[in-house]
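Worksheet for the structure shown next.
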Amino acid sequence: MFGSKKTILFISRNKIKIVNVGPGSKPKEEQVADIEWTSDNLAQILVKFKKNIKQPARVLLVEDFVYTANLTPDASIKSREDVKKIAQEIIPENLDETLWDFRQLKGLGKFRLQVVAVSKTMFGFVASGLSKAGIAVEAIEPLSIALARFSQKEDREKVFVYINQDDMLLVLVQKGAVLSTEHIREISVDKITQFIKFAKDRFGIEVRDLVFCGNTSAIDIGKFKNLGFNAGIQNISPIISLAEKVDLRGRDEDVLNLFLGGGTEGGRRTPSRWRSIIVITFIIIIILAVLGFMFFQFQQTPDQNIIKPLAISQ
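Residue numbers (the working numbering): 1 to 314.
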């Protein structure tokens with residue numbers, strides 16, 4: 001639940017949806033625009049609808065724009081620099097040149113990290129359009145992470161089958177974490193069972209829960225139930241999920257947020273780092289003040305307080 005209207009820019013390969021989400025216990029979506037975009041017209045689209053965009057906005061990206069990784073390194077690996085070295089081995093982007101972030105996944109038994117990085121080439125067009133239009137952004141999130149948020153309070157692993165006009169995505173989730181994703185061109189028993197077999201081979205888990213969401217009007221879940229799956233259709237929205245996101249700032253290992261803005265380390269400074277900077281600055285100010293006071297006192301010292309040589313009487 002959130003207290004003010006949020007604007008979500010849902011960007012897929014070919015289309016951008018601008019959606020306002022109202023606050024309250026039952027948030028509702030109000031679509032502002034649903035338009036095809038290119039690198040040439042994105043800024044123009046954003047400028048056209050800028051008055052309808054509540055800033056800072058939030059950006060929801062399909063998986064074409066991002067890399068999502070689930071790492072199981074040694075538990076001693078916690079610093080951002082250490083995580084970057086490990087993630088760089090499997091993410092085909094120079095992490096020094098693009099937005100990326102990580103968080104520690106808790107309650108999964110093993111020490112695990114979720115790492116997300118944007119494709120510099122794909123996202124470059126989006127970042128350029130946002131900058132030219134003067135749109136401030138407070139959060140950027142992949143579609144898979146937004147879907148996984150709906151599983152945070154559940155112990156059982158499941159596969160979300162997300163169906164959209166541009167995307168069909170399989171997302172393997174466990175307690176709010178994305179373990180794996182796969183794009184598919186059509187919803188079929190073979191594709192989904194192959195993905196579930198991969199989950200067993202790769203992670204050693206037996207997935208029986210299938211959640212179909214998005215544009216599900218043409219889905220026949222009966223054929224999946226006949227195979228023994230707990231298949232169902234849920235009216236869940238990744239747009240509302242991102243609107244309800246509250247973990248925007250915090251310790252680096254606790255918050256996963258691609259922040260498009262100034263600063264360092266993926267465009268985000270954590271409060272702990274800011275506190276360190278503030279404390280150091282405060283100490284320097286105190287030292288300079290003390291030195292300045294001492295210098296001032298020395299300059300104003302009256303002559304009677306200065307020891308003079310004794311006069312020799314004649």
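Backbone N, C-alpha and C fix where the C-beta goes; we use that ideal spot for every residue, glycine too. Quick caveat: nothing in here was measured; it's all calculated off a predicted structure.
Residue range 80-88 is occupied by the alpha helix (DSSP H) that includes Asp82.
Under the 8 Å Cβ criterion, the stretch 156-175 counts as touching the stretch 9-20, having at least three qualifying pairs. With contact defined as three or more Cβ pairs closer than 8 Å, the stretch 205-213 and the stretch 232-239 are in contact. Between the stretch 150-164 and the stretch 33-40, the count of C-beta pairs closer than 8 Å stays below three; the two stretches do not touch.
For Ala75, the number of other beta carbons within 10 angstroms of its own is below 16, and it is reported as exposed. The beta-carbon distance between Val171 and Ala199, rounded to whole angstroms, is 11 Å. This is too long to meet the 8 Å contact definition.
Per DSSP, Ser180 is not a residue of any alpha helix (DSSP H); the beta strand (DSSP E) it occupies stretches across 177-183. Counting along the chain, the unbroken beta strand (DSSP E) around Pro142 starts and ends at 137-142. It is roughly 10 Å from the alpha-carbon of Glu81 to the alpha-carbon of Gln88.
Leu248 counts as exposed, since fewer than 16 other beta carbons sit within 10 angstroms of its beta carbon.
Residue state for Asn164 is assigned as coil, using DSSP reduced to three classes.
Judged by their CB atoms, Ala136 and Pro56 are nearer to each other than the 8 Å cut-off. Phe123 places its beta carbon less than 8 Å from that of Phe65. Cβ-Cβ distances below 6 Å link Ser180 to Leu172 in the same chain, with the five nearest sequence neighbours on each side left out; the list follows chain order.
Taking 8 Å as the cut-off, the beta carbon of Lys84 is found closer than this to the beta carbon of Leu95.
Taking the Cα positions, Leu130 is about 43 Å away from Leu288. For Val126, the enclosing alpha helix (DSSP H) covers residues 120-133.
For Gln44, the enclosing alpha helix (DSSP H) starts and ends at 42-48.
Counting along the chain, the unbroken beta strand (DSSP E) around Ile16 starts and ends at 15-21. The distance from the Cβ of Ala231 to that of Lys225 is about 5 Å, consistent with a contact at the 8 Å cut-off.
Comparing alpha carbon positions, the residue from Ala146, Phe203, Lys48 closest to Ala133 is Lys48.
Contact check for Leu61 against Leu143 passes: the beta carbons are separated by less than 8 Å. Counting along the chain, Phe198 sits inside the alpha helix (DSSP H) bounded by residues 189-203. As the crow flies, the alpha-carbon of Lys191 is around 30 Å from that of Gln104. Per DSSP, reduced to three states, the secondary structure at Leu248 is coil, with no helix or strand assignment. By the 16-neighbour rule on beta-carbons within 10 angstroms, Glu63 is buried. Per DSSP, Lys6 is one residue of the beta strand (DSSP E) stretching across 6-11.
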